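For the sequence shown, this note's numbering gives the first residue as 2, with consecutive numbering after it.
Glycine included, each C-beta is placed from N, C-alpha and C at the ideal position.
On a predicted model such as this, the values are computed, not experimentally measured, just so you know.
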Amino acid sequence: MGLELSTIFAFAFGLVALYIIGMILVIPIKIITKLIWNGIIGGILLILANLLGGLIGITVGINPITALVAGFLGIPGVILLFVLQIIL
2 MGLELSTIFA
12 FAFGLVALYI
22 IGMILVIPIK
32 IITKLIWNGI
42 IGGILLILAN
52 LLGGLIGITV
62 GINPITALVA
72 GFLGIPGVIL
82 LFVLQIIL
């Protein structure tokens with residue numbers, strides 16, 4: 002009773018398939034977590050910018066879209082949102 006070559010190949014194929022499936026599932030979770038984290042940071046930046054902008058009468062509404070724009074682009078994103086608020 003020994004290990005056959007086909008059994009070893011089937012086991013190796015199963016491990017490779019499991020690895021590939023795992024990577025396919027992990028990468029989107031990392032992207033979604035990064036989007037959520039950036040949205041939270043963007044919301045905090047918008048709150049701080051609204052506090053400072055409230056002194057001169059310019060504020061931007063905080064919603065998921067503006068939070069993600071600020072989260073993706075950081076400080077330039079917050080500036081962009083304030084410029085769009087002034088223009089529109």
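Its Cα nearest to that of G54, the residue I87 stands out among F12, I9, I87 and K35.
Taking 8 Å as the cut-off, the beta carbon of N39 is found closer than this to the beta carbon of F73. Within 10 angstroms of the beta-carbon of V79 lie 16 or more other beta-carbons, which makes it buried. In this structure, V70 lies near G43, with their beta-carbon atoms less than 8 Å apart. Rounded to the nearest angstrom, the gap between the Cα atoms of T8 and V27 is 28 Å. The continuous alpha helix (DSSP H) containing N51 extends over residues L6 to G54. For the pair I21 and L36, the Cα-to-Cα distance works out to about 23 Å. Pairing I57 with L85, the inter-Cα distance amounts to about 16 Å.
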